[in-house]
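So the structure is just underneath, and the comments pick up after that.
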Amino acid sequence: LAILGIALGALVGWPFVALLGIPIAFDLIFFQRQFWQFLKWSAFIFVGIMIPLVSIDTLFYGKQVITPLNIILYNIFTNDGPSLYGEESWTFYFINCFLNFNIVFPIAVVSLPVCLLVDWLRNTPKDVLLLPFWLVLSPIYLWSLVFFTQPHKEERFMFPIYPLIIASACIALSKIQELYHSIFTRSKRQHYASSSNWIVAAVVIIFGLLSVSRVVALFVGYRAPLDLYPEFHNLVNPFDPSVKPMIREDQKINVCVGREWYRYPSSFFLPNNWNYLFIKSEFSGQLPQPFAVGADGTKVVPKNMNSKNIEEPSAYSNIEDCDFLVDVNLQTDSQHELNFSLMKKKWHILHSKKFLYASNSSSLFRAFYVPFFSSKYTTFIDYNLLKANRNRRIFKRQKDEETVDF
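Counting from 1, position 175 in the sequence shown corresponds to residue 194 in the working numbering; the numbering is continuous, with no gaps.
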């Protein structure tokens, strides 16, 4: 099952997950002396996964594709690697993991030295020391050694070790409990947990409070896009049955976005016949492109794509083609990022949601919500849905074309 789990994660998910299987392979080969069993099951599982994987990918891409191999070749053996998409400092993952796991993360980081130190201080018998508890702890260090040292860093790169962070912290806490019991408890016949459960309880309570604080901070500060985009469906099919639809279902509508392109949640937030267009912003990299229309859309490679994250001018649309615009009101202008919310003659605000202005807010109180204090040390701006102030021909019927004021 362990081999199957790693194989599914690496072949169907992300190839680099195979790194987490090294301790498992080490255990099977060197501790359990099952080299041929390991080799046999690895080959069997590999073939069993790759046959349907390659078949399905080939069907949808229209050509033979070995996706895991392509990912490895692009990220490791080409000059067009992930660094093209930005680089972060060495502190990025430490800050990110602390935000997601708060006190559990530092406990997980020191789990291996803590376990070794406790066993040494307690003079744990050798037969117990031979137990490979470090096999559970080593994957988090292997993963960190590889990814913490890479210039290009993303939060999602830590997802594979999220369960291991929890497991490592739990093992470390258990060892700390053992040490506490051996030092402060006279009766050695009692189970160590009987005298040290308060340590775990304290960690769980602190972890729970900080986690809730973090979730609330994200919800209060950054939910504006998820609140705003459903309003598009409300224009076509109002949530309130007594309200007349503002736009008919057969109308073709263009929704545009500039600097807020990366906060677009999903095409499922747009009604049918609606298009999502990009206008020029200060971002100078490659933008995503939609799939081709039709059942064979996944087989068509979009035009003007490149592997170097080079800006493609053909990806931009003219602002005059926009029926709606999603933008944040920063109260400032730049060459390619105008404050459309203040252009009352051309646009008017249809809906507005509050959005955290990170650069003008306290780092602590924007990361964790503290009642009565967060509101004093954070700043919010308007996340707006703008409607163009003009009549446009926005849909065509089979026999005639009609101008609609919406």
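All C-beta atoms, glycine included, are put in the ideal place defined by N, C-alpha and C.
It should be emphasised that the depicted structure is a prediction, and the values quoted were computed from it without experimental measurement.
- Judged by beta-carbon spacing, residue 295 lies beyond the 8 Å limit of residue 281, meaning their Cβ atoms are not closer than that value.
- Taking a contact as a CB-CB distance under 8 Å, the pair residue 46 and residue 151 counts as one, their CB atoms being some 6 Å apart.
- Scanning the region 261-307 from its first residue to its last, the whole beta strand (DSSP E) runs of 3-plus residues come out as 272-276 and 293-297.
- Boundaries of the alpha helix (DSSP H) harbouring residue 113: 111-120, taken from the DSSP string.
- Counted as a single uninterrupted DSSP element, the stretch harbouring residue 138 is not any beta strand (DSSP E) but the alpha helix (DSSP H) occupying residues 130-140.
- Between residue 68 and residue 27 the beta-carbon gap is near 7 Å, inside 8 Å, which marks them as a contact.
- By the CB criterion at 8 Å, residue 236 and residue 342 fall outside the cutoff.
- Contact check for residue 25 against residue 43 passes: the beta carbons are separated by less than 8 Å.
- Within the region 316-391, the complete beta strand (DSSP E) runs of at least 3 residues fall at 343-348 and 366-375.
- DSSP places residue 194 within a helical segment (H, G or I) once states are collapsed to three.
- For the pair residue 83 and residue 385, the Cα-to-Cα distance works out to about 47 Å.
- In this structure, the CA atom of residue 396 is about 16 Å from the CA atom of residue 241.
- Under the three-state reduction of DSSP, residue 256 is assigned to coil, being neither helix nor strand.
- In this structure, residue 34 lies near residue 87, with their beta-carbon atoms less than 8 Å apart.
- Under DSSP, residue 399 forms a beta bridge with 375.
- Note that the region 172-187 touches the region 117-137; at least 3 beta-carbon pairs, one per stretch, sit closer than 8 Å.
- Note on residue 344: 16 or more other CB atoms within 10 angstroms of its CB, so buried under the neighbour-count rule.
- In the three-state reduction of the DSSP assignment, residue 311 falls in the coil class.
- Assignment of beta-bridge partners to residue 405 by DSSP yields 344 and 368.
- In the structure shown, residue 157 adopts helical secondary structure according to DSSP, grouped into three states.
- Excluding sequence positions up to five before and after residue 332, its CB lies less than 8 Å from no other CB in the same chain.
- Counting C-beta pairs with one atom in each stretch, the region 353-365 and the region 297-307 have three or more that are closer than 8 Å, which means they touch.
- In this structure residue 56 is exposed. Its beta-carbon is surrounded by fewer than 16 other beta-carbon atoms within 10 angstroms.
- A buried status is given to residue 29, since no fewer than 16 other beta-carbon atoms sit within 10 Å of its beta-carbon.
- Note that the C-beta distance between residue 122 and residue 288 is not below 8 Å.
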